[in-house]
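Enquirer: Protein chains in written order, with UniProt numbering: chain A, 1 to 186; chain B, 1 to 186.
Just so it is clear, CB atoms sit at the ideal spot from N, CA and C, and this is done for glycine as well.
Before we start, here is the structure in question, set down as structure tokens.
Below, the structure written as structure tokens:
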């Protein structure tokens, strides 16, 4: 790999550095604050440099969402690997906590703007992210599929209601404890 | 009530006409297309006229959300009044269908932008909207509250996943039938 004359990054490293900086900007400022020029400034390269890796802002957002699904998958696999007594509850809690810890990334991953149909890389990352969950719940057809969709709806709804400030915590109440209680209750 | 010299509306009628036009613009163009001037043009009054009823765009959005919660309440009460065999399932389906039929209004009702804490009228309308659901699920404290939050999370999650195009329908599959199956399955 060659080093660009005006960049301190090797080719592959720059892509990774752009994604890391992008994730930080996304969480701090929201999707609106995220442009390829801002990103170039953040990692200290020329304004044109990010275009070697992402041909548009949409391509950058897609790559960030893919990264999000990969991290989400890794968390799900890690939880399943601990062989919890109640895998559904453990994975459900992990889902909601991931959403709260990565609010803007989570919103981006499930944004209707990102057309999964038109973007095979994103569709694959998103589908792979749910493999572990699907495996635990019981498949992709018939009653298994309905059960998986119901489980998904529950944890996704809880994540969204908490993210959007719709569930009011009682005085002294701990968010993670409440998440655990709600997920165990159905 | 007096009629304004430059308006075909009685005072109370103009407020109602502005809200009706606002709901139509909201569904057609989304929240971004909704300004007090657009609204004045839509109902055929002077640009200043809407300010007699809403002192800002935020006040208009709040009034639209309140209207949304009132319509939502009426639907929930109507379903409960039919004494369905499974009230939770019937109300859950009504919740999701309301969201799909009033997509932008539903998003507005649960938007984190609208600060319910700071707006007593909105907080009251929103709380009243859930009275019927709370009554069926079993209360507002202890295990009843947790059960109510879990039921809410499930139907809200299903609504959001469908609105955001995250759940792919199979060929020939009917959305309402799928909603019914998912809600019955947990």
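(1) Name the chain A residues whose beta carbon is nearer than 8 Å to that of residue 93(B)?
(2) Excluding the 5 residues preceding and the 5 following residue 222(B) in the sequence, name in chain order all residues of the same chain whose CB lies nearer than 7 Å to its CB.
(3) Given that residue 164(A) touches chain B, what residues does it touch there, using C-beta distances under 8 Å?
(4) Whose Cβ in chain A lies nearer than 9 Å to the Cβ of residue 26(B)?
(5) Which residues of chain A have a Cβ atom closer than 8 Å to the Cβ of residue 181(B), listed in chain order?
(6) Are there 16 or more other CB atoms within 10 angstroms of the CB of residue 170(A), so buried, or fewer, so exposed?
(7) Mind listing the chain B neighbours of residue 137(A)? Cutoff is C-beta to C-beta under 7 Å, in chain order.
(8) Ignoring anything shorter than 4 residues or poking outside the stretch 115 to 184 of chain A, list the alpha helix (DSSP H) runs there in chain order.
(9) Measuring alpha carbon to alpha carbon, tell me which of 110(A), 177(A) and 82(A) ends up nearest residue 123(A).
(10) What in chain A is Cβ-close to residue 160(B), meaning under 7 Å?
(11) Does residue 185(A) come within less than 9 Å of chain B when only Cβ atoms are used?
(12) Which residues, in order along the stretch 21 to 54 of chain A, keep a beta-carbon less than 7 Å from a beta-carbon of chain B?
(13) With 9 Å as the threshold, decide whether the Cβ of residue 178(A) is near any Cβ in chain B.
(14) What are the boundary residues of the alpha helix (DSSP H) that residue 87(B) is part of?
(15) At the level of alpha carbons, what is the spacing between residue 156(A) and residue 174(A)?
(16) With a threshold of 6 Å on Cβ separation, who are the neighbours of residue 146(B) within its own chain once the five nearest residues in sequence on each side are excluded?
(17) Cβ atoms of residue 113(B) and residue 218(B): under 9 Å apart, would you say?
(18) With 7 Å as the limit, tell me which residues of the stretch 120 to 133 of chain A have their beta carbon closer than that to any beta carbon of chain B; keep them in chain order.
Expert: In this structure, then:
(1) Position 93 of the second chain, counting from 1, holds the residue named residue 93(B). Near residue 93(B) there are no residues of chain A at all, since even the closest Cβ is about 13 Å away, more than 8 Å.
(2) No information on residue 222(B) is available, as it lies outside the stretch 1 to 186 that chain B covers here.
(3) In the first chain, the residue the question calls residue 164(A) occupies position 164. Within 8 Å Cβ-Cβ: 110, 111 and 112.
(4) Locating residue 26(B) in the second chain gives position 26, where the first residue counts as 1. Chain A residues near residue 26(B): none, gap ~17 Å exceeds 9 Å.
(5) Within the second chain, numbered from 1, the residue matching residue 181(B) stands at position 181. Ordered by position in chain A, the residues that pass the 8 Å Cβ test against residue 181(B) are 146.
(6) As a working mapping, residue 170(A) is identified with position 170 in the first chain. Looking at its Cβ environment, which holds fewer than 16 other Cβ atoms inside 10 Å, residue 170(A) is exposed.
(7) By one-based count along the first chain, residue 137(A) stands at place 137. Within chain B, no residue comes near residue 137(A); the closest Cβ sits about 11 Å away, beyond 7 Å.
(8) 120 to 129, 131 to 137, 142 to 163 and 175 to 184
(9) Along the first chain, one-based indexing puts residue 123(A) at 123. Among 110(A), 177(A) and 82(A), the Cα nearest to that of residue 123(A) is on 110(A).
(10) The residue given as residue 160(B) occupies position 160 in the second chain. Going along chain A in sequence order, the residues near residue 160(B) (Cβ under 7 Å) are 156, 157 and 160.
(11) To locate residue 185(A), count along the first chain from 1; it is residue 185. So yes, residue 185(A) belongs to the interface.
(12) none
(13) Numbered from 1 along the first chain, position 178 holds the residue referred to as residue 178(A). Yes, because at least one Cβ of chain B sits closer than 9 Å to the Cβ of residue 178(A).
(14) For the purposes of this step, residue 87(B) is taken as the residue at position 87 of the second chain. Here the alpha helix (DSSP H) through residue 87(B) covers 87 to 101.
(15) Taking the first chain and counting its residues from 1, the one referred to as residue 156(A) is at position 156. Taking the first chain and counting its residues from 1, the one referred to as residue 174(A) is at position 174. Approximately 19 Å, taken between the alpha carbons.
(16) The residue labelled residue 146(B) in the question sits at position 146 within the second chain. So no residue of the chain qualifies.
(17) The first residue shown for chain B is 1 and the last is 186, placing residue 218(B) beyond what the model contains.
(18) none
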